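Accompanying notes for the structure given below.
Protein chains in written order, with my numbering: chain H, 1 to 107; chain Z, 1001 to 1107; chain Y, 2001 to 2107; chain C, 3001 to 3107.
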């Protein structure tokens, strides 16, 4: 992982930045491309009057896929940014992460 | 609502079809276009190393938007297809709809 | 199922009543007794300073158990009360059930 | 917070222990007593054939209350145990906490 990028997490004078490795970024983009395709597919299903039970099943699958992306992001966030800020004594990051987790539990 | 379309719900000799009015279909497609834009936006955020807390917030918003689509579909499904099939004495549709609701509760 | 009880579902002059068979009621009460025990167990864990990761796991299990109860109730509701009211032409019950499903999806 | 208790979090030679202050413990126990009462209430509703839409609403309320308990526990866990273990270089705690969060998102 690029240490320069990581510094952005904890240096309050700079805009905070993410910290994913190229490999993780590629994984996330691949997943999001697939999700974009799923959304387009759902649109097509509605336009072709597909039986709505099947459409709802497809929506549930897309939501699971989005959940997968959120989990990867949360893992990266905890293991990089949150960790860095804790190591620098910035404990406010824990309140921030609790708000984020709450959002994911509610969606 | 087009009665011919509705017949598809309950006529087992035909492929089941959805039953949304043009107005509902337009509403759904508009919402899905917006969601597609959100997914593309999330992809851009990841490519530009946006702080992942912000990305997760955007994912949670997209999931809420997808939930909105699922609710409209479920409402249409109950008020048209499920109702038609009940009126024709086909009560299996209730087991089918319980599976669908379960999927939406789990996602 | 007791037909008299069912009438309560659809007769607006009477307080609406549930419609579970004795067998379903026994099943639900058994499950709720177990859940009550789980809650008491969680309380004991907190009083004994059990590692909170283990307590949270126990809470998640209790929530799954409550979900199980909700699903059985929803199934009974759809297959009895909702069905009866639809058969009498009272379609408002569909809006009511959509609100209920929404509550279960949000919790 | 009792430092001795905290040591239990990070000392692998001892059984891990929780770390809540007396005030937090009292808050949690009060909430769990209320939830226990809600469960007993739901049982009574089923025994008295209460309209199941009302029972489901009560279940959804109980699930929200349990969610509240889970959030307080997770906050305490992050701010005490997880933090202590990170400060001692034990980063495995992050994988453990991700599993816990996942459980809460799924329930």
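Backbone N, C-alpha and C define an ideal beta-carbon position, used for all residues, glycine too. Only a predicted model underlies this, so the values are computations on that prediction, with no experimental measurement involved.
Inter-residue spacing [alpha-carbon to alpha-carbon] between residue i and residue j
{"i": "residue 3078 of chain C", "j": "residue 1053 of chain Z", "result": "17 Å"}
{"i": "residue 58 of chain H", "j": "residue 91 of chain H", "result": "40 Å"}
{"i": "residue 51 of chain H", "j": "residue 1076 of chain Z", "result": "11 Å"}
{"i": "residue 2109 of chain Y", "j": "residue 1080 of chain Z", "result": "Outside the shown range of chain Y, which is 2001 to 2107, sits residue 2109 of chain Y, and nothing can be said about it."}
{"i": "residue 3039 of chain C", "j": "residue 3022 of chain C", "result": "25 Å"}
{"i": "residue 1036 of chain Z", "j": "residue 3036 of chain C", "result": "44 Å"}
{"i": "residue 1048 of chain Z", "j": "residue 2066 of chain Y", "result": "42 Å"}
{"i": "residue 42 of chain H", "j": "residue 26 of chain H", "result": "24 Å"}
{"i": "residue 1033 of chain Z", "j": "residue 1064 of chain Z", "result": "15 Å"}
{"i": "residue 106 of chain H", "j": "residue 1099 of chain Z", "result": "22 Å"}
{"i": "residue 1030 of chain Z", "j": "residue 3089 of chain C", "result": "50 Å"}
{"i": "residue 3018 of chain C", "j": "residue 74 of chain H", "result": "24 Å"}
{"i": "residue 1087 of chain Z", "j": "residue 1095 of chain Z", "result": "15 Å"}
{"i": "residue 3060 of chain C", "j": "residue 2060 of chain Y", "result": "15 Å"}
Cut-off 6 Å between Cβ atoms - residues of its own chain near residue i, not counting five sequence neighbours on either side
{"i": "residue 1045 of chain Z", "result": "1055"}
{"i": "residue 93 of chain H", "result": "82, 85"}
{"i": "residue 2020 of chain Y", "result": "2076"}
{"i": "residue 2097 of chain Y", "result": "2082"}
Cβ distance (whole Å) where residue i is taken to contact residue j below 8 Å
{"i": "residue 3024 of chain C", "j": "residue 3101 of chain C", "result": "Their Cβ separation, rounded to whole angstroms, is 20 Å, which puts residue 3024 of chain C and residue 3101 of chain C out of contact at 8 Å."}
{"i": "residue 3069 of chain C", "j": "residue 3104 of chain C", "result": "At roughly 11 Å, the Cβ-Cβ gap does not stay under 8 Å, so residue 3069 of chain C and residue 3104 of chain C are not in contact."}
Spatial neighbours of residue i in its chain, beta-carbon cut-off 7 Å, leaving aside the 5 residues before and after
{"i": "residue 3007 of chain C", "result": "With a pLDDT of 44 at residue 3007 of chain C, under the threshold of 50, the modelled position of this residue cannot be trusted, and the question is left open."}
{"i": "residue 2 of chain H", "result": "Interpretation of residue 2 of chain H is limited by its pLDDT of 42, a score under 50 that renders its predicted location unreliable; no figure is taken from the coordinates."}
Residues near residue i by beta carbon distance below 8 Å, same chain, minus five either side
{"i": "residue 3062 of chain C", "result": "3035, 3038, 3039, 3042"}
In the segment 13 to 92 of chain H, which residue ranges form an unbroken alpha helix (DSSP H) of at least 4 residues, counting only runs that do not cross its ends?
The alpha helix (DSSP H) runs of length 4 or more contained entirely in the segment 13 to 92 of chain H are, from start to end of the chain, 22 to 47, 52 to 76, 83 to 87.
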